[in-house]
Amino acid sequence: MGCDMAQCNKTLLEFERLIKDGGKKDWEGTLRTGIDLGTANIVLAVVDEKDRPVAGATFPSTVVRDGIVVDYIGAVRAVTELKAQLERLLGTALDAGACAIPPGILSGNVKAIGNVVESAGFRLTEIVDEPTAAAAVLGITDGAVVDVGGGTTGISILEHGKVIDTSDEPTGGTHMTLVLAGFYGCSTEEAEEMKRDAAQEANVFPIVRPVVEKMASIVKRSLEGYPVDTVYVVGGACCFTQFEEVFEKYLGIPVVKPAAPLLVTPLGIAMNCTE
Ligand SMILES: Nc1ncnc2c1ncn2[C@@H]1O[C@H](COP(=O)(O)OP(=O)(O)OP(=O)(O)O)[C@@H](O)[C@H]1O
Ligand SMILES: [Mg+2]
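Residue numbers (this note's numbering): 8 to 282.
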């Protein structure tokens, strides 16, 4: 099944605006929250019964790395604060919450992530896997979802709505920052800022391009033997305008990047939160 990219992008841009402005939308029915504990960011997404984004909040964090909680107290504190912030904004308590795990994570770590969400005061309804969450937003049942986050590139292959294979390799946005810092002889903080500045893309992309090609080679290997006809890229590290072009050239199949690729997984977690 193909996806309605125009509708998907409209929803994502609406969600992005809500986060940027600290705004909220009117809602119908019960609210559900998706909690994304990423390596670079914690994102909370609130949706209503029609799966429409109602509000969202994000916080830069280092409490979780590649799906492993490295600072439990810090993680609970961050999620608790984001929850309180959204509850003040909405004037109502948030109850049902879902979180997600990257592909291939061990059960002990899954438990830790669920515990963070519960300790922050949510009633944990679901622990979904990240590609399934992304697929809900993209409205797809088949194809490959590639999540290029802070620490890793995760590839998930979907067939008839089920994840049939996954892999996760350590190359992500952090590696781009390191390459950039090395090239320009600056700190990683400066390189990170430069990397995210769209106005500097012409100075940034040629330097990080080999990292993008490395990611594409990881994806190509993971797709071997699967009849995948479209690759969907999500996650913060694919924000560059030329990203999908490099991927497409390397993979030889269409690569689709939704608007606000950083927010696809968080929103999808909320949509997967059942009452
Ligand atoms: N505008 C941008 N341009 C380029 N890179 C960006 C931009 N915004 C964020 N990033 C990078 O995206 C990465 C974070 O992406 P994301 O939030 O998807 O990761 P995460 O979910 O926290 O990490 P992971 O999935 O690896 O656990 C960081 O390396 C960050 O530097
Ligand atoms: Mg992520």
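Beta carbons are placed, not taken as given, at the ideal position from N, Cα and C, and that holds for glycine.
The model shown is predicted, which means the values in this text are computed figures rather than measured ones.
- Is any heavy atom in ligand 1 found nearer than 8 Å to the beta carbon of valine 71? Yes.
- Task: Assuming phenylalanine 66 and alanine 85 form a contact by the criterion Cβ under 8 Å, report the distance between their Cβ atoms to the nearest whole angstrom.
- Result: 5 Å
- Which of helix, strand or coil DSSP assigns to arginine 216: helix
- Using only the heavy atoms of ligand 2, determine whether one of them is closer than 8 Å to the beta carbon of glutamate 176. Checking the Cβ of glutamate 176 against ligand 2 gives no.
- If you measure from the CB of aspartate 136, is any heavy atom of ligand 2 nearer than 8 Å? no
- Item | Simplified DSSP assignment, three categories, for proline 67 | strand
- Message: Rounded to whole angstroms, what is the Cα-Cα separation between glycine 259 and serine 174?
- Response: 20 Å
- Taking DSSP as the reference, what is the three-state secondary structure of proline 60? Correct three-state label for proline 60: strand.
- Task: Flag this pair as yes or no: are the beta carbons of cysteine 280 and glutamate 176 separated by less than 9 Å?
- Result: no
- Task: Confirm the yes/no value for this check: CB of glutamate 252, any heavy atom of ligand 1, distance under 8 Å.
- Result: no
- Task: Determine the contact status of leucine 101 and lysine 31, defining contact as a CB-CB distance below 9 Å.
- Result: no
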